[in-house]
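Converting from the sequence shown to my numbering requires adding 248 to each position, the first position being numbered 1.
Backbone N, C-alpha and C fix where the C-beta goes; we use that ideal spot for every residue, glycine too.
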Amino acid sequence: MKRKLIKTISVTLLATICFLPTVAAKKTSPIGNQIKLTKVPNVRDLGGIRAKNGQHIKSNRLIRSSALTHLSGHDKWKLSKRANVKVILDFRSKSEIKQAPDAKLHGTRYHRLSVMADPKFGVHTTAQYIQQLAAKQPNNMELFYEKMVVQPHSIKAYRSMFHYLLKQKSGAILYHCTYGKDRTGIATMLILSSLGVPKTTIMRNYLASNHYLKSTTRHEYRLMKRHTHNRKVLTNLKRSRTAKTAYLNAAYAAIYHHSGSMKHYLHTQMRLSNKDIQQLRKNYLTK
249 MKRKLIKTIS VTLLATICFL PTVAAKKTSP IGNQIKLTKV PNVRDLGGIR
299 AKNGQHIKSN RLIRSSALTH LSGHDKWKLS KRANVKVILD FRSKSEIKQA
349 PDAKLHGTRY HRLSVMADPK FGVHTTAQYI QQLAAKQPNN MELFYEKMVV
399 QPHSIKAYRS MFHYLLKQKS GAILYHCTYG KDRTGIATML ILSSLGVPKT
449 TIMRNYLASN HYLKSTTRHE YRLMKRHTHN RKVLTNLKRS RTAKTAYLNA
499 AYAAIYHHSG SMKHYLHTQM RLSNKDIQQL RKNYLTK
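Given below as structure tokens:
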């Protein structure tokens, strides 16, 4: 009788445990989650990235990307239906956009926020590009990153970005440049900083572009070698196509030099009030 009672209790407990609701572990990631598209590399949902306050970014709200020129029909469906993209912010120059316009997504609002002042930035013939690369100094990328956070035209573009981020209460904002590495990298640094994400996490997110752009970079390097074997040209091409800690640190250093801190930079240059910061965190963070 005693054995029978113990067996009954055991079965009852097992049944109770089996039917208890399971609590799924929250997915967090320092680099976000890749959105795999056919011919568009380096597309990542920032959902899951953890802030200092223990909250993390909501999924399908902030997406960093490379240019959306070669979207397939299925890619468009993924972005518009699954990722719920409602707004696209394009950081490229006027000439870059004209040369390789984004594919249109149904029901999505598009805004051009050129980060660089030169309307012809990023557009050149192969011969012109070889000449440009040959003339670049070893610290050219560091100087480029500094420029993106201090020149008035760039500041205005990123300030406009925050304007749209504050307005967007639902759906995803997708923002991009050509490769989703440099201009998009600075944008991500500023966005994540405003959301209270640690610098170490921001750096890991930035450096992940090397992984997602690996095949693109190799392909471009092979193509360039068909036109020139000039070592300086090829070295500078690699520098320009790589995400390096030194590059993003150059932007941080410029911000600290001109504004004293990232917090002060966001207040004075991005014109984000304390209320704006709270609103951004309300819009994009969750427990």
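Please state whether DSSP places Q347 in a helix, a strand or coil.
Note: Q347 maps to helix in three-state DSSP.
Could you tell me the alpha carbon to alpha carbon distance between I283 and G321, rounded to whole angstroms?
Looking at the two C-alpha atoms, the distance is approximately 15 angstroms.
For N453, which option in R292, M364 and K342 has the closest C-alpha, if you only look at C-alpha atoms?
Of R292, M364 and K342, the residue nearest in Cα terms is R292.
At the level of alpha carbons, what is the spacing between D338 and T476?
Approximately 32 angstroms, taken between the alpha carbons.
Can you say whether R340 is buried or exposed, counting buried as having 16 or more other CB atoms within 10 angstroms of its CB?
Per the 10 Å Cβ criterion, buried.
Quick check: the Cα distance between T286 and S442, rounded to an integer number of angstroms?
If I take the Cα positions, the gap works out to 32 angstroms.
With a 10 Å radius around its C-beta and 16 neighbouring C-beta atoms as the bar for buried, classify S418 as buried or exposed.
S418 is exposed by the Cβ-count criterion.
Taking only the alpha-carbon atoms, compute the straight-line gap between S277 and Y532 and give it to the nearest angstrom.
For S277 and Y532, the distance between alpha carbons rounds to 15 angstroms.
Just the C-alpha distance for Q303 and R489, rounded to the nearest angstrom, thanks.
Cα to Cα, Q303 sits roughly 33 angstroms from R489.
Of the residues S521, N388, Y412 and V333, which one's Cα is nearest the Cα of D430?
Measuring from the Cα of D430, the nearest candidate turns out to be N388.
For N332, the nearest candidate out of Q416, H401 and I297 (CA to CA)
Looking at the Cα atoms, Q416 is the closest of the given residues.
By DSSP's criteria, T534 is part of a beta bridge. Which residues make up the other side?
Per DSSP, H304.
Report the partner residues of D323 according to the DSSP bridge assignment.
Its beta-bridge partners do not exist; DSSP assigns none.
Which residue's Cα is closest to the Cα of L353: N497, P446, R330 and P367?
Measuring from the Cα of L353, the nearest candidate turns out to be R330.
My output table needs one value for I297: the three-state DSSP class, helix, strand or coil.
The answer is coil: DSSP assigns I297 none of H, G, I, E or B.
Please determine, among Q376, A315 and A365, the residue with the shortest C-alpha to C-alpha distance to I345.
Comparing Cα positions, the closest option is A315.
Nonlocal neighbours in the same chain, by C-beta distance under 7 angstroms from I503, ignoring five residues either side:
Excluding residues within five positions, the ones whose Cβ falls inside 7 angstroms are V397, M510 and Y513.
Per DSSP, which residues does R470 bridge with? Please list them.
For R470, which the question treats as bridged, DSSP gives no partner whatsoever.
Grab me the residues of H556's own chain with a C-beta within less than 8 angstroms of its C-beta, minus the 5 sequence neighbours each way, in chain order.
No information on residue 556 is available, as it lies outside the stretch 249 to 535 that the chain covers here.
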